[in-house]
Amino acid sequence: MPIKYIGRTTDFKGKTLWEILGNLKNFGVGRMVIRNKFQRYPEPCYMRILKIATLPAPTTKNPDKERKIVALIQNTFRGITCEPEQIDGSTYKADFILIPKDEEDKYTRYSKSLVMKVVPRTMDYPPLLKEIIIRQRKAAGILDKEEPKMEIIYQMSGVKRYRLAEEGETPTVNFVISLGTPDSPSLYANIKKESST
Numbered sequence: 018m019p020i021k022y023i024g025r026t027t028d029f030k031g032k033t034l035w036e037i038l039g040n041l042k043n044f045g046v047g048r049m050v051i052r053n054k055f056q057r058y059p060e061p062c063y064m065r066i067l068k069i070a071t072l073p074a075p076t077t078k079n080p081d082k083e084r085k086i087v088a089l090i091q092n093t094f095r096g097i098t099c100e101p102e103q104i105d106g107s108t109y110k111a112d113f114i115l116i117p118k119d120e121e122d123k124y125t126r127y128s129k130s131l132v133m134k135v136v137p138r139t140m141d142y143p144p145l146l147k148e149i150i151i152r153q154r155k156a157a158g159i160l161d162k163e164e165p166k167m168e169i170i171y172q173m174s175g176v177k178r179y180r181l182a183e184e185g186e187t188p189t190v191n192f193v194i195s196l197g198t199p200d201s202p203s204l205y206a207n208i209k210k211e212s213s214t
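Numbering (the working numbering) for the sequence shown: 18 to 214.
Here it is in structure tokens:
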């Protein structure tokens with residue numbers, strides 16, 4: 018009889034932070050741990066433990082809260098080392114792996130330079146919305162030969178691999194609203210495109 022799994026699958030692989038650090042000398046201060054979730058990036062992602070403190074015992078019986086700790090870490094995300102930060106919200110997740118001391122230099126000897134993408138300030142409206150804006154301009158008597166463009170708002174906090182294009186600078190990335198390349202081009206071979214004008 019085959020095994021049938023019931024419930025949600027998990028992407029976590031490893032132990033909780035307390036399971037790892039509680040068994041180490043000096044609670045693992047100075048050691049490096051990684052989260053399995055961040056190993057999908059080609060750049061190294063790791064945390065160096067600077068300080069550990071346990072949280073008071075929870076008043077309610079919750080198996081997740083019993084394993085929570087407060088850790089001061091030096092986080093390196095995608096090759097960029099950030100300021101020391103305190104984590105406590107994700108320390109109960111069973112997704113941490115201890116890096117052996119002889120393998121630590123594999124993570125710290127990353128020398129590839131950071132390639133910044135230059136992203137545009139504006140992009141085209143979706144086709145239907147663009148047509149509505151053009152019709153509204155014609156109805157209001159505004160004769161503008163330029164196509165309407167919408168301003169893009171980016172999340173600029175945190176570690177980013179892109180920067181906003183300066184005025185007159187050509188972006189290296191261009192965002193286009195389209196259907197993309199179909200999985201089966203033969204299905205669309207005999208369809209004629211209609212002009213929007």
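Don't be surprised by glycine CBs; every beta carbon is placed ideally from N, CA and C.
Who are the Cβ neighbours of I169 in its own chain at under 8 angstroms, not counting the five residues just before and after it?
Within the sequence shown, the letter at position 152 stands for residue 169. Here the set comprises V136, P137, R138, T139, M140, F192.
Leaving out the 5 sequence neighbours to the left and right, which residues in its chain are closer than 8 angstroms to R178 when beta-carbon positions are compared?
On the sequence shown, residue 178 is found 161 positions in, with the first residue counted as 1. Correct list, in chain order: R95, L131, V132, M133, K134.
Helix, strand or coil at D161 [DSSP, three-state]:
Here the question's residue 161 lines up with position 144 in the sequence shown. Coil at D161, not helix or strand.
Cβ-based neighbour list, Y63, same chain, cut-off 6 angstroms, excluding 5 preceding and 5 following:
Locating residue 63 in the sequence shown gives position 46, where the first residue counts as 1. Excluding sequence neighbours, Y63 sits near M49, I51, T93, Y124.
Classify A88: buried if its beta carbon has 16 or more other beta carbons within 10 angstroms, exposed otherwise.
Translated into positions along the sequence shown, residue 88 becomes position 71. Label assigned to A88: buried.
Which of the three DSSP states is assigned to P144 in this structure?
Start at 1 with the first residue of the sequence shown, and residue 144 comes out as number 127. Correct three-state label for P144: helix.
Cα separation between P75 and D28?
Taking the sequence shown and counting its residues from 1, one reaches residue 75 at position 58. Taking the sequence shown and counting its residues from 1, one reaches residue 28 at position 11. Computed Cα separation, rounded: 26 angstroms.
To the nearest angstrom, how far is the alpha carbon of L67 from that of L38?
Numbered from its first residue, the sequence shown carries residue 67 at position 50. Numbered from its first residue, the sequence shown carries residue 38 at position 21. Rounded to the nearest angstrom, the two C-alpha atoms are 12 angstroms apart.
Does DSSP classify T98 as helix, strand or coil?
Taking the sequence shown and counting its residues from 1, the one referred to as residue 98 is at position 81. T98: strand per DSSP, three-state reduction.
Among the candidates P143, Y109, S128, I151, whose CA atom is the shortest distance from the CA of L196?
For this step, residue 196 is matched to residue 179 along the sequence shown. Nearest Cα to L196 within the set P143, Y109, S128, I151: P143.
Tell me where the alpha helix (DSSP H) around Y124 begins and ends.
Locating residue 124 in the sequence shown gives position 107, where the first residue counts as 1. That run of the alpha helix (DSSP H) goes 121-125.
Please indicate yes or no: does the CB of L34 lie closer than 7 angstroms to some heavy atom of the ligand ZN?
With respect to small molecules bound, the structure shown includes none, and the ligand ZN cannot be examined in it.
If we count the other Cβ atoms within 10 Å of its Cβ and call it buried at 16 or more, is T108 buried or exposed?
Counted from its first residue, the sequence shown places residue 108 at position 91. By the 10 Å Cβ count, T108 comes out buried.
C-alpha gap between E102 and S174, whole angstroms:
What you label residue 102 is simply residue 85 of the sequence shown in a count that begins at 1. What you label residue 174 is simply residue 157 of the sequence shown in a count that begins at 1. C-alpha separation (whole angstroms): 15 angstroms.
What do you reckon, are the CB atoms on I86 and W35 nearer than 8 angstroms?
Here the question's residue 86 lines up with position 69 in the sequence shown. Here the question's residue 35 lines up with position 18 in the sequence shown. Closer than 8 angstroms, so yes.
Grab me the residues of R180's own chain with a C-beta within less than 8 angstroms of its C-beta, minus the 5 sequence neighbours each way, in chain order.
Counting from one through the sequence shown, the residue named residue 180 turns up at place 163. Excluding residues within five positions, the ones whose Cβ falls inside 8 angstroms are M133, K134, V135, V136.
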